[in-house]
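Chemist: Dropping the structure in here first, questions after.
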Amino acid sequence: MWRRTYLFLVLVRLWFALSPSYLHPDENFQGPEVIAGQIFKYPVRHTWEFTSENPIRSVFPLWPVYGLPMLLLRWLWIGNGNDGEIPPIAVFWTLRVLMFVVGFVLEDWAIYELIRSPRHRRLAVLLVASSYVTWTYQTHTFSNSIESLVVAWCLVLIERIVGSPQESTVLASTVLGVVAVFGVFNRITFPAFLLIPGLRLLPYYFKNPLSFLAIVTAGLFTTGLAIALDTAFYTPHSITWSDLIHNPVLTPLNNLIYNLDPENLAKHGLHPWYQHILVNLPQLLGPGALLLFTRPQLSLRLYSAISGIVVLSISQHQEARFLLPTVPLILSSVRLPKSEKLTRIWTVSWIIFNFIFGALMGTYHQGGVIPAQVFLSKQPDATQAVWWKTYSPPIWLLNGKNEVLTTKDVMGLAGDKLLAQLTELATCDLPADRRSNEYLKEKKGTYLVAPLSATWLDGYLENKGHDGLRFREVWRYKRHLNMDDLDFGEDGVWNTLERVVGRRGLGIWRVTRTCPERRGSWR
């Protein structure tokens, strides 16, 4: 029975991997978009993490995770006799499937190795496989998703090393050295999860200097390679030994220095120290959080999760996805309630919680952004795209269209300022085009992308020529929820939910304006 349930949950995971939800811009801008610009000819946009004087993001972990699959895909594309670049949406879905496969194989395998009891192992695997975090976050291209796998496999390697005192652990130590450095360059929060588990290695390496030498040598070599790759990426000219010695780019150090400055963290939002424990952890675990406090099973995995939560709670900027590595660690370190009745109640609440959050985060959350960008890439007249009240769209998905299409992300700009920008960018209105697609033959076109829940636009979408602007709806996607448009304080709870949920969806309008020289020809 449990095998059939597990197989069903794997298919659920695949279904969500192939859904176009958009959980956070970082899943594109901190990974795929950067490497896509290196391998393909897609024009891309590098965010501030890569363009500042002291860059804080390393490209070292991006190459094996995203670069190698992209290179393989390009090789297959050319090998099959295809001309031109691979459509970026094909690369996008390939990476989603890759994250599904890597998570399915490595995460579940790690749990299998870390738990010795067959009964507890089955429960742990089912809990992790049925978590919406596994369905959604782990199938998206987050550095946090990669961090989850790296933490899990570092624990596996630590167990192998400490648990095999009679066998040579030189190979396991070498691999641990490589993987640990990879984890640090992927995210500087990574060491927090190994503080307590790493203590188990100290007495072992004290007695086994050869294995200690192996982990140090592997770590130093990998660190040198990572620094060389980062220095080459961020240096505008071909690097020399002098650059590596005198001007190396140390992205983890830059990242740490940046995040130790409260003024920098204030730009991204400050949170109380208990945000992770009281808000983020329950948001990720739901009913699973109750078992953490009532039915914990002490293990190396749980100690790893606790050390990570404690260290990350020191930072004043706390997002839920920072705790992704703790989810499989905690769910594999809890037991079900003793009472059969309570177990049944808990199981029902677990299923409902993950069904709701799975649908929300895996299907509807900013779900129209990716399809909208693909639509714009196919509009021959599109030269200006204004995105209002959505997440920043991935530029690389425009398939080279962004050589002529300027994307403006105005976020939550005030309505009057939005109209001013549209008035400045809009092309002249052609009456003959209003009932046909003749506008596609024009050389320029301005498009507004906005959620249907943005009621402020309603008075302007009736095409009565308010302020000289006309809006023509050309595209609509219903499976889109804009959770950043919740305004309970001004609209009240019920009215806000009715607006955001009842009017869910994302729309695209072609915006034109009334030009004085054309008024006489159509009035």
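FYI, the numbering for the sequence shown is -25 to -1, 1 to 498, going by mature numbering (1 follows the signal peptide of the UniProt record, and there is no 0). Idealized CB from N, CA, C, for every residue including glycine. Bear in mind that the values here come from a model prediction, so they are computed numbers and not experimental data.
With 16 as the cutoff for other CB atoms within 10 Å, does V125 come out buried or exposed?
Modeler: Buried, because 16 or more other Cβ atoms sit within 10 Å of the Cβ of V125.
Chemist: So what does DSSP say about F446, is it helix, strand or coil?
Modeler: Three-state result, F446: strand.
Chemist: Can you give me the start and stop residues for the alpha helix (DSSP H) that W(-11) sits inside?
Modeler: First-last of the alpha helix (DSSP H) with W(-11): W(-24) to A(-9).
Chemist: Does DSSP put L348 in a helix, a strand or coil?
Modeler: One detail in the question is off: residue 348 reads as Gln in this sequence, not Leu. Helix, per DSSP.
Chemist: Which residues in the same chain as S367 place their Cβ atom closer than 6 Å to its Cβ, once the five residues preceding and following it in sequence are excluded?
Modeler: Excluding sequence neighbours, S367 sits near P(-1) and D384.
Chemist: What's the C-alpha gap between V486 and E417?
Modeler: Distance between the alpha carbons of V486 and E417 is about 13 Å.
Chemist: Among P178, T206, W248 and W431, which has the Cα closest to the Cα of V34?
Modeler: It is T206.
Chemist: Give a yes or no on whether the C-beta atoms belonging to F15 and I61 are separated by under 8 Å.
Modeler: Yes, Cβ-Cβ distance for F15 and I61 is below 8 Å.
Chemist: Of all the alpha helix (DSSP H) runs that stay within the bounds of the region 245 to 314, which reach a length of 4 or more residues?
Modeler: The qualifying runs are 256 to 260, 263 to 269, 275 to 287 and 301 to 306.
Chemist: Apply the 10 Å Cβ neighbour rule to E399 and answer buried if 16 or more other Cβ atoms are within range, or exposed otherwise.
Modeler: Label assigned to E399: exposed.
Chemist: From what residue to what residue does the beta strand (DSSP E) around residue 528 run?
Modeler: Absent from the model: residue 528. The displayed extent of the chain is -25 to 498, so no value can be given.
Chemist: Below 8 Å on the Cβ atoms is my contact criterion, and I expect I320 with L267 to pass it. Report the Cβ-Cβ distance as a whole number of Å.
Modeler: At roughly 17 Å, the Cβ-Cβ gap does not stay under 8 Å, so I320 and L267 are not in contact.
Chemist: Quick one: is T430 buried, meaning 16 or more other Cβ sit within 10 Å of its Cβ, or exposed?
Modeler: With fewer than 16 Cβ atoms within 10 Å of its Cβ, T430 is classed as exposed.
Chemist: Kindly indicate which residue of N29, V156 and F(-18) has the alpha-carbon position closest to the one of E122.
Modeler: Closest by alpha carbon: V156.
Chemist: Between the region 334 to 351 and the region 128 to 148, are three or more C-beta pairs nearer than 8 Å?
Modeler: No: fewer than three Cβ pairs fall under 8 Å.
Chemist: Where does G482 fall in DSSP's three states?
Modeler: Strand.
Chemist: What residues in its chain sit with their C-beta under 7 Å from that of R494, if we drop five residues either side in the sequence?
Modeler: Interpretation of R494 is limited by its pLDDT of 44, a score under 50 that renders its predicted location unreliable; the figure taken from the coordinates is listed afterwards. Within the same chain, R494 has no close Cβ partners at all.
Chemist: I'd like the ranges of any alpha helix (DSSP H) spanning at least 4 consecutive residues and lying wholly in the region 348 to 382.
Modeler: Runs of the alpha helix (DSSP H) inside the region 348 to 382: none found.
Chemist: Between the Cα of T144 and the Cα atoms of N183, P178 and T114, which residue gives the shortest distance?
Modeler: Ranking the options by Cα distance to T144, first place goes to N183.
Chemist: Please say whether T402 and T381 have beta carbons closer to each other than 8 Å?
Modeler: Against a cut-off of 8 Å, the Cβ pair of T402 and T381 comes out as no contact.
Chemist: Count the other CB atoms within 10 Å of the CB of L73; is the residue buried (16 or more) or exposed (fewer)?
Modeler: L73 should be labelled buried.
Chemist: Within 10 angstroms of its Cβ, does S213 collect 16 or more other Cβ (buried), or is it exposed?
Modeler: It counts as exposed.
Chemist: F181: buried (16+ other C-beta within 10 angstroms of its C-beta) or exposed?
Modeler: With fewer than 16 other Cβ atoms within 10 Å, it is exposed.
Chemist: Express the C-alpha separation of W(-11) and L46 in angstroms, rounding to a whole number.
Modeler: Taking the straight line joining both Cα atoms gives about 25 Å.
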